[in-house]
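Residues in the sequence shown are numbered from 78 upward in steps of one, following the working numbering. For glycine and all other residues, C-beta sits at the position ideal for the given N, C-alpha and C. Working notes, structure below.
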Amino acid sequence: MELSRSLAPERADFLRRLQNGTCSHGFIVEGPKGSGKREFALWCASALLCQSENKPCGLCRSCRMVQGGHHPDVHFYGEGDKAISVDEVRGLIKETGWIPTDGEKNVFILANAQRMQPPAQNALLKVFEEPPAGVVIFLLTDSRRSLLPTVRSRGQTVRLSPMEPKALEARLKLMFPRVSHEELAAAVTYSRGSLGEAEAFLKRDAVMRRENAKEWLSVALDGDKYRLIGLLTASKHKRDTLLPLLDAFLQLLSDLLLVKSGGKAVLLTDEDLEFYGARATKRVIAAMCDVTVNCRESLESNGNVTAVMTRLATGLWSAANERA
Ligand SMILES: [Zn+2]
Numbered sequence: 078m079e080l081s082r083s084l085a086p087e088r089a090d091f092l093r094r095l096q097n098g099t100c101s102h103g104f105i106v107e108g109p110k111g112s113g114k115r116e117f118a119l120w121c122a123s124a125l126l127c128q129s130e131n132k133p134c135g136l137c138r139s140c141r142m143v144q145g146g147h148h149p150d151v152h153f154y155g156e157g158d159k160a161i162s163v164d165e166v167r168g169l170i171k172e173t174g175w176i177p178t179d180g181e182k183n184v185f186i187l188a189n190a191q192r193m194q195p196p197a198q199n200a201l202l203k204v205f206e207e208p209p210a211g212v213v214i215f216l217l218t219d220s221r222r223s224l225l226p227t228v229r230s231r232g233q234t235v236r237l238s239p240m241e242p243k244a245l246e247a248r249l250k251l252m253f254p255r256v257s258h259e260e261l262a263a264a265v266t267y268s269r270g271s272l273g274e275a276e277a278f279l280k281r282d283a284v285m286r287r288e289n290a291k292e293w294l295s296v297a298l299d300g301d302k303y304r305l306i307g308l309l310t311a312s313k314h315k316r317d318t319l320l321p322l323l324d325a326f327l328q329l330l331s332d333l334l335l336v337k338s339g340g341k342a343v344l345l346t347d348e349d350l351e352f353y354g355a356r357a358t359k360r361v362i363a364a365m366c367d368v369t370v371n372c373r374e375s376l377e378s379n380g381n382v383t384a385v386m387t388r389l390a391t392g393l394w395s396a397a398n399e400r401a
């Protein structure tokens, strides 16, 4: 039991029940996006299927297959964009009758259970309450309220909270070994404990967009109008890549506004703050926000890309040069 002392409480509880034979066969894993619901279910599946004494060892063939998402006895549903349908539930019920290929258990992980319509939930009810021997079902949902009361009452609920900043940072460090300390810290603050959000924040295209946004702001504040127009109307920019880029720019501006109003920066480094902070007043930034929001709307409602981006460039330039 030495191991479980260092485990998150919900994992320690699962192990305890597994060891004394009181483990439930139906779980409702509830938590906000990015709180690690799938990871928790996979960890439990490892514990259920592990071939070593110290379960889950994380090292045996079975554990590795589970973590890699290709253990033949771990079945996934609902991971795409569509809700799990009644037909899929019927298929699932059939699968619960199969003899496990590799271990002694069949584990079913149903992602996005909050999207399941009542008929699909009803179809699942019986097998969720009383699955065949050796079957364990995990329903992952961002809110258990989205499940029918009859489903809710038949499973053991495990609530996952957003991750602690330190734990999140450590996890991200492993996932993104090349990302700078500043970016990691920004991801932790920005995501408010959601691993999924933090991951999206650190993906390469998101990083690129922030770099782009910073360049726009620097050029706007430096006062070179024609360079700014050239930058914003560059031919590489297309409508669908510009929208997220404008969002990144708006994020940057709101971060700057936050600092100007006495808050703490999320995205900006000390160096950035020194540079932008000295060049832009709160009024300038607010005016830049207005023109950006306005142009973003035009772009979204199909305005001509070059015309809108030229308007944005001149608008930003005018906002920046009113500072005197
Ligand atoms: Zn193992």
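Distance check between K341 and each of E399, Y267 and T178 places Y267 closest, using alpha-carbon atoms only.
In the displayed model, G145 falls within coil according to three-state DSSP, outside both helix and strand. In this structure, P133 has its beta carbon less than 7 Å from a heavy atom of ligand 1. Partner residues in the beta bridge of T218, as assigned by DSSP, are E107.
A Cβ-Cβ distance of about 5 Å is found for the pair R286 and L322, placing them in contact under the 8 Å criterion.
Residue range Q233 to R236 is occupied by the beta strand (DSSP E) that includes R236. P254 and P209 have their alpha carbons spaced roughly 43 Å apart.
When secondary structure is reduced to three states using DSSP, I186 falls in the strand class. Rounded to the nearest whole angstrom, the C-alpha separation of L344 and A396 is 22 Å. DSSP, reduced to helix, strand and coil, places F253 outside both helices and strands of the structure shown, so it counts as coil.
A distance below 7 Å between beta-carbons, with the five flanking residues on each side excluded, links V385 to the following residues of its chain, in chain order: C372, S375 and L376. Contact check between the region 240 to 254 and the region 121 to 138: fewer than three CB pairs, one atom from each, fall below 8 Å, which does not count as touching.
Rounded to whole angstroms, the Cβ separation of T218 and Q191 is 4 Å, and the two are in contact under 8 Å. In this structure, L187 sits near G155, with a CB-CB distance shorter than 8 Å. DSSP places V151 within a strand segment (E or B) once states are collapsed to three.
Annotated three-state conformation of V385 is helix, per DSSP.
Straight across, the Cα-Cα distance linking R304 with T391 is about 11 Å. In this structure the region 100 to 113 does not touch the region 161 to 176; the number of beta carbon pairs closer than 8 Å is below three.
A distance criterion of 7 Å places the beta-carbon of S129 in contact range of ligand 1, judged by its closest non-hydrogen atom.
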